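Read the structure below first, then the notes.
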Amino acid sequence: MSLIHLVILSPFLLAIFVPLLHKYFKRIHTGWFVLALPILLFIYFIGNLGNVMAGNTYLSTMNWIPSMGINFAVYLDGLGLLFALLITGIGSLVVLYSIYYLSKEKEALNTFYVYLLMFMGAMLGVVLSDNMLVLYSFWELTSISSFLLISYWYHREKSRYGALKSMLITVFGGLSMLAGIILLYTMTGTFSVRETIASVDIVTAHELFVPALILFLLGAFTKSAQFPFHIWLPDAMEAPTPVSAYLHSATMVKAGIYLVARMSPVFAGAPEWFWLISIFGIITLFWGSFSAVKQTDLKAILAFSTISQLGLIMSLLGIGSAAVYYDYLEENIYTVATLAAVFHLINHATFKGSLFMVVGIVDHETGTRDIRKLGGLMNLMPITFTLAIIGGFSMAGLPPFNGFLSKEMFFTGMVNATQIDAWNMETFGMIFPVLAWIASIFTFIYSMVLIFKTFTGKYQPEKLDKKPHEAPLGMLIPPIILASLVVIFGFFPEILKGLIEAALHSIFPSNFTVEDVHIYFWHGWTTELFMTIGVIAFGSLLYLTLAKWGNIYEWFPKRLTLNKLYDGGLVGLERGSFAFTKFYMTGFIRNYLVMIFGFMALLLLLVMGQTGAFNFSLDNASKVGVYELILALVMVIAAITILFTKSRLSAIIALGVVGYSMSLFFVLFRAPDLALTQLIVETVSVALFLLCFYHLPEISKKVNRLRFRLTNFIISISVGIVVILIGLSVNSSRVAESISDYFVKASYEEAGGKNMVNVILVDFRGFDTLFEIAVLTIAAFGIYAMIKLRLTKGGSQ
1 MSLIHLVILS PFLLAIFVPL LHKYFKRIHT GWFVLALPIL LFIYFIGNLG
51 NVMAGNTYLS TMNWIPSMGI NFAVYLDGLG LLFALLITGI GSLVVLYSIY
101 YLSKEKEALN TFYVYLLMFM GAMLGVVLSD NMLVLYSFWE LTSISSFLLI
151 SYWYHREKSR YGALKSMLIT VFGGLSMLAG IILLYTMTGT FSVRETIASV
201 DIVTAHELFV PALILFLLGA FTKSAQFPFH IWLPDAMEAP TPVSAYLHSA
251 TMVKAGIYLV ARMSPVFAGA PEWFWLISIF GIITLFWGSF SAVKQTDLKA
301 ILAFSTISQL GLIMSLLGIG SAAVYYDYLE ENIYTVATLA AVFHLINHAT
351 FKGSLFMVVG IVDHETGTRD IRKLGGLMNL MPITFTLAII GGFSMAGLPP
401 FNGFLSKEMF FTGMVNATQI DAWNMETFGM IFPVLAWIAS IFTFIYSMVL
451 IFKTFTGKYQ PEKLDKKPHE APLGMLIPPI ILASLVVIFG FFPEILKGLI
501 EAALHSIFPS NFTVEDVHIY FWHGWTTELF MTIGVIAFGS LLYLTLAKWG
551 NIYEWFPKRL TLNKLYDGGL VGLERGSFAF TKFYMTGFIR NYLVMIFGFM
601 ALLLLLVMGQ TGAFNFSLDN ASKVGVYELI LALVMVIAAI TILFTKSRLS
651 AIIALGVVGY SMSLFFVLFR APDLALTQLI VETVSVALFL LCFYHLPEIS
701 KKVNRLRFRL TNFIISISVG IVVILIGLSV NSSRVAESIS DYFVKASYEE
751 AGGKNMVNVI LVDFRGFDTL FEIAVLTIAA FGIYAMIKLR LTKGGSQ
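Written out as structure tokens, the structure reads:
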């Protein structure tokens, strides 16, 4: 195991010891023990920054299931390093923040940090795994661990509801992605991301290309809360604020972004990839920003804001995929969109993480997140207000913060989209800059609502649960660090140049030339600058007149929402499953046997028909003797007697006749061991039936009905005929020599036994026989215990 494998697994290893640390060091907040790990991991990845920026990559493979092509292969390149830095860097700040946010006296900190470490390790596994099946395993582990984190306050119904909602939607997407992985393996014969990218010519020419593309996007859209799968993210805000700051600013919701970026070398350049990502991204951007304005809960505003910002990044990746289509251009204007996506990915993590922590501080110090109860906190919480200004203005795209830079590049990418002369963009191209501009206006509005509705206006102490005051220094340090990065990256964006270029090299194909990254404030009096001025002007006007036009949200029918569709779908599934289960779970064993044997017979007949197995030859068959004919006739008569007899005793005797006749067949075929076994089984079965004879139910009138008996007859005949046909087909279509010759030779020479049946049971399949004996022994002990227990009707001994 290499060091980088240990890096990924270290959060899981530490999670094992967290309960012990919590138990034996109760006076110390458990978070202090956890904090060291993400800091060390962040330092480790910072140490790899120079090599990766120089264009080097790192690959380390650990065998897992090599026979199936599944190995724990870790691949560190620019894209993986970028996400690893976000996961560990933001993770360190979140752990520090949670130390002051969560009380060690009131909260179950052992479970919280176990779940948080599980999530951290799973995210590292997602962004650093080269094997797609390993990536999928970590992908689903992020869904499970986020489910546990969202439902951390499980006594709250909304927490349980939000956790279940997030898991159902994201796991659905994960299973879709798994199907896409299998399709890619069918096309390329490998689970490796790198090898799949190297086989891109095979993939793009394959008929399964589009289905695989759609299945991967389902996984990405559900994880990154793209419309219409975005409905899980607002309900996930029931989690503690440190969880929201971690999962929904820098990690879980960015996993879908990562997947799209990672698979871009495989799918980019295809019109389906371009249209699906661009259209769903821009719709998500608009709908998220539009919905955020009407929210009254601070975390709900940030939730829809996150949805909107994820749509922004996703749409940029979609527009940027056109660069691969135009790879022959010396100066590709479409790379700006992908550059903006990577840059805004970093910026969003900084300003959104700080804003989540600011909202957590407000909630922690006032007891509410309802903006209708807040106001006038500017003088009481000046540091928090300053942090809100920095994060909020950056989110709104105002200078001099980093959000302004990436927002200008976003506008540039959308404007450039109108110049694409393929895929009907000459007709529909204007959709992108128009929707981008409108969505940015709503982004400006909800950013102003978040800041000024909370910190300015009338102070309402009578509506607050606590007397507000500034948060402790430990709770302020993490958002201060993030807000400082917002300012630093705004004034000195070239700091990120090497990391962004390394990430771009990972997103574009290896033969694609990535231009040098240059990010700066002043580009002249461009279209993008006028769009920004328009956003500020119209956004300010609409914010100031919000009370007059805000009632438009009431026009939307509340019953026709995606949340109602989700809830109704769950209810429908529960009712449908209950009705279906009630249909086939009748409690009557005979019905179960009819279904099982009927389905088996029908399925085998269909398979035989599809494979052309109805090919019979009796050339090698032995002649049927008179004794065999007599025994077969006896068995047939006995079997028919079982079907139509009205006496329980007659049915038991007829069943015994069938079994004993079978043992005589074994005698005729010179298999005394099987004959003795069959005799023992039949003797025990008949004896048990006779012992239980008194307790057997009367044969009901239903059993006497012709339809009932006829069904039994048809099923019995069908199964018998199908088994006979299979036996004849197998005997007539041999593709290899019978294995019996091997056992004849090896039984004596290798096992030293003359009785071939005994040798097979004891030597060749000895473990199978051993486990059969174990099962029978357990059953015998169980029966013995039941007989000895002798419960009375009241249940006492």
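FYI, in UniProt numbering the residues of the sequence shown are 1 to 797. Each residue gets a CB set at the ideal place from its N, CA and C atoms; glycine is no exception. Just so you know, these numbers come straight off a predicted model, no measurement behind them.
Distance between residue j and residue i (C-alpha atoms, nearest Å)
i, j, result
"Ile-202", "Met-187", "7 Å"
"Leu-562", "Pro-228", "7 Å"
"Phe-119", "Tyr-136", "14 Å"
"Trp-555", "Trp-287", "15 Å"
"Leu-728", "Leu-603", "18 Å"
"Gly-568", "Trp-549", "31 Å"
"Ala-54", "Glu-195", "22 Å"
"Tyr-328", "Ala-322", "Its pLDDT being 44, under 50, Tyr-328 is placed unreliably by the model, and the measurement read from it follows with that caveat. C-alpha separation (whole angstroms): 12 Å."
"Ile-783", "Ile-652", "22 Å"
"Met-608", "Val-722", "10 Å"
"Ala-579", "Thr-611", "36 Å"
"residue 810", "Ala-122", "Because the chain here runs from 1 to 797, residue 810 falls outside it and cannot be looked at."
"Lys-165", "Pro-234", "10 Å"
"Phe-442", "Ser-506", "33 Å"
Cutoff 7 Å; reference residue i; Cβ partners in own chain excluding five residues on either side
i, result
"Asp-370", "Thr-296 and Asp-297"
"Leu-761", "Thr-769"
"Ala-780", "none"
"Pro-211", "Leu-183"
"Phe-401", "Ile-390, Phe-393, Ser-394, Val-486, Val-487 and Gly-490"
"Met-531", "Phe-411 and Trp-437"
Contact belief for residue i with residue j at Cβ below 8 Å, rounded distance in angstroms
i, j, result
"Thr-456", "Val-359", "Actually they do not touch by this definition, with Cβ atoms about 16 Å apart."
"Ile-65", "Phe-191", "The pair is not a contact, with the Cβ atoms about 10 Å apart (cut-off 8 Å)."
"Gly-31", "Ile-99", "4 Å"
"Ile-301", "Tyr-161", "Between Tyr-161 and Ile-301 the Cβ distance is about 20 Å, and since that is not below 8 Å, they are no contact."
"Gly-174", "Gln-226", "About 15 Å separates the two Cβ atoms, so there is no contact after all."
"Ile-361", "Ala-471", "4 Å"
"Leu-128", "Gly-80", "5 Å"
"Asp-130", "Leu-85", "No, Asp-130 and Leu-85 are not in contact; Cβ-Cβ is about 19 Å, not under 8 Å."
"Pro-478", "Tyr-97", "4 Å"
Beta-carbon contacts of residue i that lie in its chain and below 6 Å, excluding the five residues immediately before and after
i, result
"Val-342", "Ile-500 and Ala-503"
"Thr-412", "Val-336 and Glu-528"
"Asn-56", "none"
"Leu-117", "Pro-11, Leu-14 and Ala-15"
"His-29", "Ile-99 and Lys-104"
"Leu-674", "Phe-666"
Segment limits, beta strand (DSSP E) that includes residue i
i, result
"Phe-72", "70–76"
"Leu-618", "Unbroken run through Leu-618: none, as it is neither H nor E."
"Pro-65", "Checking the sequence, you will find Ile at residue 65 rather than Pro. Here the beta strand (DSSP E) through Ile-65 covers 58–65."
For residue i, the first and last residue of its enclosing alpha helix (DSSP H)
i, result
"Ser-2", "First-last for Ser-2: undefined, no H or E at that position."
"Ser-394", "382–396"
"Trp-555", "Per DSSP, Trp-555 belongs to no alpha helix (DSSP H) and is neither H nor E."
"His-364", "335–366"
"Ala-300", "298–320"
"Tyr-113", "109–128"
"Ser-151", "It is not in any alpha helix (DSSP H) - Ser-151 carries neither H nor E in the DSSP assignment."
"Val-775", "766–789"
"Ala-417", "402–417"
"His-505", "497–507"
"Ala-198", "193–198"
"Ile-760", "Per DSSP, Ile-760 belongs to no alpha helix (DSSP H) and is neither H nor E."
"Tyr-566", "562–584"
"Lys-165", "157–188"
"Asp-741", "740–749"
"Pro-38", "30–47"
Residues near residue i by beta carbon distance below 8 Å, same chain, minus five either side
i, result
"residue 854", "The question about residue 854 has no answer, for the chain in this structure spans 1 to 797."
"Ser-685", "Leu-655, Gly-656 and Gly-659"
"Glu-331", "Here the model assigns Glu-331 a pLDDT of 49, short of 50, so the residue's position is not dependable, and the following value carries that caveat. Excluding residues within five positions, the ones whose Cβ falls inside 8 Å are Glu-515."
"Glu-628", "Phe-665 and Leu-668"
Residue i: CB within 7 Å of a non-hydrogen atom of the ligand COA
i, result
"Ser-506", "In the structure shown, the ligand COA is absent, as is every other ligand, since no ligand is present at all."
C-beta neighbour in chain B for residue i, strict 8 Å
i, result
"Glu-107", "No chain B is part of this structure, which consists of one protein chain only."
Every unbroken beta strand (DSSP E) within the stretch 218–269, with a cutoff of 3 residues, ordered by chain: none
Minimum length 4: unbroken alpha helix (DSSP H) runs contained in the UniProt domain "MrpA C-terminal/MbhD" (633–698): 648–668 and 672–691
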